Every structure is written in C-alpha cells, then in structure tokens.
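Numbering follows my numbering, with no gaps: position 401 of the sequence shown is 401. Glycine included, every Cβ here is placed at the ideal spot set by N, Cα and C. Since this is a predicted model, take the numbers as computed values, not measurements. Below is one structure; the comments refer to it alone.
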Amino acid sequence: MPAAPAHSTLDIQKIRTQFPALQQTVHGKPLIYLDNAATTQKPQAVLDALTHYYQYDNANVHRGVHTLAERATFALEATRRSVQQFIRATDTAEIIFTSGTTASINLVAATYGQTQVQAGDEIIISHMEHHANIVPWQMLCQAKRAVLKVIPINKKGRLMLSTLANLLTSKTKIVAIGYVSNVLGTINPLKEIIQQAHTQGAIVVVDGAQAVPHLPIDVQELDCDFLAFSAHKAYGPTGVGVLYGKKALLEDMPPYQGGGEMTQQVTLSHTTYNDLPYRFEAGTPNIAGIIAWQEALNFIKQVGYKTLMAHENKLLNYAADLLSSLKKIRIIGTAPNKIGVLSFVVEGMHHLDVGMLLDANGIAVRTGHGCAQPLIDLLKIEGIVRASFAIYNTKEEVEQFVTEVTRIVQKKA
Ligand SMILES: Cc1ncc(COP(=O)(O)O)c(C=O)c1O
1 MPAAPAHSTL DIQKIRTQFP ALQQTVHGKP LIYLDNAATT QKPQAVLDAL
51 THYYQYDNAN VHRGVHTLAE RATFALEATR RSVQQFIRAT DTAEIIFTSG
101 TTASINLVAA TYGQTQVQAG DEIIISHMEH HANIVPWQML CQAKRAVLKV
151 IPINKKGRLM LSTLANLLTS KTKIVAIGYV SNVLGTINPL KEIIQQAHTQ
201 GAIVVVDGAQ AVPHLPIDVQ ELDCDFLAFS AHKAYGPTGV GVLYGKKALL
251 EDMPPYQGGG EMTQQVTLSH TTYNDLPYRF EAGTPNIAGI IAWQEALNFI
301 KQVGYKTLMA HENKLLNYAA DLLSSLKKIR IIGTAPNKIG VLSFVVEGMH
351 HLDVGMLLDA NGIAVRTGHG CAQPLIDLLK IEGIVRASFA IYNTKEEVEQ
401 FVTEVTRIVQ KKA
C-alpha cells in the first residue's frame with residue numbers, strides 16, 4: 001500500500017469547520033464530497049455575505065442615489081476590483097460579470113465571433129473541451145460557414161501540441177482552449193499555445209473554469225485575449241462568472257444583449273451604448289452572488305494557491321496510487337501535469353451503478369460523460385466516475401473512498 005501523505009502544517013480540520021455542508025451525513029454516513037470539479041462547497045463567509053446583502057443592502061446597482069443602492073453598488077464594484085487583481089488584469093473595464101463560464105464563452109462567440117469570423121475562416125478547439133467550449137464555436141461555424149478544427153490528444157490525455165503548427169493557418173481567427181480538462185485533469189501548456197496562435201494572428205479564448213479553482217492566473221503574463229470562468233467552482237456562489245477580455249478587443253466588439261444598464265442614450269430610433277464593462281452587462285446582474293464572491297476570493301487568498309495545489313496534488317497522487325493497484329480499475333487521464341481530478345472506469349460496470357453505490361455510502365462523485373462527449377467517444381468508453389479534490393478533502397476521505405471502490409469491485413468479481 002502506498003504511503004499516506006504526511007501531515008503538513010495545514011489545518012484541514014479548521015478549514016472544514018468553515019464549510020457547513022461538509023458537516024452533514026448522507027444515508028447515515030458522514031458526507032465525503034468528491035464532486036468539486038462540478039461545484040465546490042461554500043464557506044460560511046460566502047453564505048453570510050449572501051444573507052447580509054438580502055437582509056441589509058438589497059437594492060439594484062448603478063441606478064439609485066439612496067443608501068442601499070450605493071452600498072450594493074460599492075460592494076459589487078469592490079468584487080470587480082478584486083477579480084481584476086486576482087487575475088492581474090490591467091483595468092476593471094476588462095472584467096465583465098456574467099452568469100458563468102458558459103455565458104462568457106457564448107458572449108465572445110456572439111460578438112467577437114460574429115463580427116470577425118467569415119466564411120472559410122477557421123476556429124481551433126481541442127479534443128478534450130467541455131461542451132461549453134465546443135458548442136458555441138460549432139454554432140458560430142455553422143452560421144458563418146467557417147471551419148472547426150481540433151487539436152488531437154494522446155493516450156495519456158495530453159494535447160498533441162506538435163499538430164498545432166499545422167492546424168494554424170492565416171485563416172485561423174480563434175483558438176478556444178481549456179486551461180485544464182474537467183475529465184482528464186490535464187493542465188494544458190497555455191503559454192505556448194497562445195504564443196503560437198498569436199504568431200499566426202489568431203486570438204485565444206481560454207476556458208478557465210477548471211483552472212481558477214487550482215492555479216494562479218496572470219492574464220498579462222499568459223497574454224490570453226479572453227478568459228472565461230465561474231465563481232461556483234472556486235468556493236463562490238452559483239450563477240456568477242467573469243469574462244475577462246483585453247480592453248482593445250472589447251472596445252471594438254458590438255454589444256451582446258440589449259437592455260438596461262448597457263446603454264448611454266436611448267431614443268425610439270437609436271441607442272448609444274455604455275462604456276466598458278457595462279456595455280456587456282445588460283439587465284440586473286446576480287448582485288448577491290457577485291458581492292458574496294468576494295469572500296470566496298478572500299478564502300483562496302488566505303489559503304494560498306501554493307498550499308492549495310500542494311494539498312490537492314498529495315490527495316490526487318495518493319488516490320491514484322491506491323486505485324491503480326486495484327484490478328478492473330482503469331484511470332482516465334495520466335498526464336504528468338494535472339490538477340486534483342481522478343477519473344476512472346470500472347471494467348464491466350456501468351459508471352452510474354458505481355456512482356450510486358458510492359452515494360449509498362455518503363460519497364459524492366460525478367458520473368457520466370462530464371459534458372465532454374467527444375472526449376468520451378474518443379476514449380471508447382460510456383462514461384467515467386470522477387473524484388475531484390478540494391482544499392477541505394482529507395487523506396482519510398481518500399482512504400474511505402478507495403475502500404468503498406474496492407468493495408464495489410470485489411462484489412462485482
Ligand atoms: C472545463 C469547463 N468548462 C466550462 C464549464 C461550464 O461552467 P459553467 O457551468 O459554470 O458555465 C465547466 C463546468 O463543468 C467546465 O468544467
């Protein structure tokens with residue numbers, strides 16, 4: 001049996017007390033929550049901030065001069081500044097609040113894509129993308145009669161990057177790439193991809209949904225043109241996310257949705273549009289969610305990405321070592337550079353059955369195609385069981401999870 005990771009100075013039990021959802025039992029067993037790549041649990045500070053807003057500051061933003069409206073607006077704009085600093089954007093004008101990664105990618109496809117992509121142009125994605133970073137580009141390609149090209153992956157679940165040079169042509173307008181795969185856990189060599197794309201004059205849209213919860217991101221250093229991510233996968237509320245875009249690109253883009261907030265002057269025959277970022281924020285945003293997101297960002301800052309990555313890596317390696325020693329288990333995604341995502345199949349068993357048996361023991365995992373059907377098809381499997389780790393998971397939970405998987409496999413044998 002591989003050695004358990006040594007106890008570090010990190011006080012996981014103290015961290016766990018901040019998460020009320022982790023204190024419950026499920027089917028009479030203590031909850032072991034290993035579905036963090038779908039959404040993480042939220043610390044008490046986030047829950048308190050949500051309640052505080054509705055209890056004391058509930059008002060619409062950017063519209064009123066009364067005290068509550070000013071408080072709500074101030075708190076919302078404070079989160080924008082925090083997000084800007086968090087990803088090292090140069091300007092708050094580059095931080096557009098959306099409902100999440102999916103909405104952010106669709107925004108780029110419907111604005112930048114609609115104006116910049118013409119018939120015969122090319123868009124490049126990879127074979128490991130989440131549907132949110134496939135379908136908007138497919139729809140755009142269909143509408144524009146453009147061509148969707150795909151970077152292949154190898155058996156370990158790494159991009160075959162040597163193919164990119166051939167895929168990129170003078171017709172490539174957009175490279176849309178996930179920083180981290182939600183099924184394989186692979187961290188893609190983003191900087192290299194961005195440099196190559198820029199050399200050919202293409203812009204790069206990064207799906208950062210699975211990166212922000214685990215890796216520090218510096219948009220200036222990466223030099224990505226757009227970055228989409230969600231709050232809820234990184235300890236924040238659901239229904240909130242950001243589209244980061246380089247200011248020069250955002251300024252040239254047509255508006256997305258029309259409505260309140262995104263306008264400067266409206267007559268019945270003509271509308272002039274608001275400045276960035278409000279031009280892309282039509283309607284009332286998820287004010288409570290945006291304000292409470294601040295607390296999730298604070299939580300990550302307090303723990304620190306270094307600690308977070310070290311802890312999650314220990315859990316990943318420990319779980320992978322234990323699981324791979326079991327017969328009938330095949331781990332999906334063995335790239336050397338991974339975040340704490342461990343997908344596997346149990347030979348001869350349906351992933352849903354495995355998931356239900358684990359749930360009966362209080363263990364929450366993801367089952368299915370992980371919203372990455374082209375990848376699942378390529379792997380010639382029906383679906384995966386995915387355990388994904390967060391800062392509050394423990395080695396004891398990993399051991400319990402592996403014990404249950406072992407029981408499931410042995411029962412089947
Ligand atoms: C890699 C990746 N991209 C995009 C998404 C979509 O995120 P959301 O549902 O928050 O818009 C997910 C969610 O699982 C994801 O894992």
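- Residue state for D207 is assigned as strand, using DSSP reduced to three classes.
- When C-beta atoms of the segment 173-181 are compared with those of the segment 189-205, three or more pairs fall below 8 Å, so the two segments count as touching.
- Taking A132 as reference, the option from P43, K156, A335, Q210 with the minimal CA-CA separation is Q210.
- P374 sits in a helix when the DSSP states are folded into three classes.
- Segment contact: the segment 325-336 against the segment 302-309, fewer than three CB-CB distances shorter than 8 Å; contact not assigned.
- Here the segment 383-403 makes contact with the segment 309-327; the two share three or more CB pairs at distances below 8 Å.
- For L326 and I408, the gap between their C-alpha atoms comes out near 11 Å.
- When DSSP states are grouped into helix, strand and coil, D35 belongs to the strand group.
- Between I363 and I32, the beta carbon gap of about 4 Å places them in contact (Cβ cut-off 8 Å).
- At a cut-off of 3 residues, the continuous stretches assigned as beta strand (DSSP E) that sit fully inside the segment 154-225 are 172-178, 203-207.
- DSSP, reduced to helix, strand and coil, places P136 within a helical segment of the structure shown.
- Relative to ligand 1, even the nearest heavy atom lies 7 Å or more away from the CB of D35.
- With respect to the 8 Å criterion, R386 and S324 are not classified as neighbours on the basis of their beta carbons.
- Residue environment analysis places P20 among the exposed positions, since fewer than 16 neighbouring C-beta atoms fall within 10 angstroms of its C-beta.
- Between T79 and A228, the gap from beta carbon to beta carbon reaches 8 Å or more.
- Nearest C-alpha to G239 among L50, E129, C224: L50.
- As DSSP reads the structure, A228 sits in a beta bridge with D207, L243.
- In the structure shown, the three-state DSSP call for L276 is coil.
- Taken in chain order, the complete beta strand (DSSP E) segments of 3 or more residues contained in the segment 312-361 are 329-332, 341-346.
- For the options Q41, G241, L322, L378, the alpha carbon positioned closest to that of E396 is the one of L322.
- In this structure, DSSP gives I125 an extended state, which the three-state scheme calls strand.
- CA-CA distance, L22 to F280, rounds to 37 Å.
- With a cutoff of 8 Å on beta-carbon distance, L34 and F401 are scored as near each other.
- By the Cβ-count criterion, G157 is buried, with 16 or more other Cβ atoms from all chains shown falling within 10 Å of its own Cβ.
- In this structure, I151 sits near L167, with a CB-CB distance shorter than 8 Å.
- Its chain contains M349 as the residues whose beta carbon lies nearer than 6 Å to that of K412, once the 5 sequence neighbours on both sides are disregarded; these appear in chain order.
- Contact between the segment 333-340 and the segment 364-375 is absent, with fewer than three C-beta pairs closer than 8 Å.
- Annotated as distal: A234 and T17, with beta-carbon spacing of 8 Å or more.
- Less than 8 Å separates the beta-carbon of V206 from that of L190.
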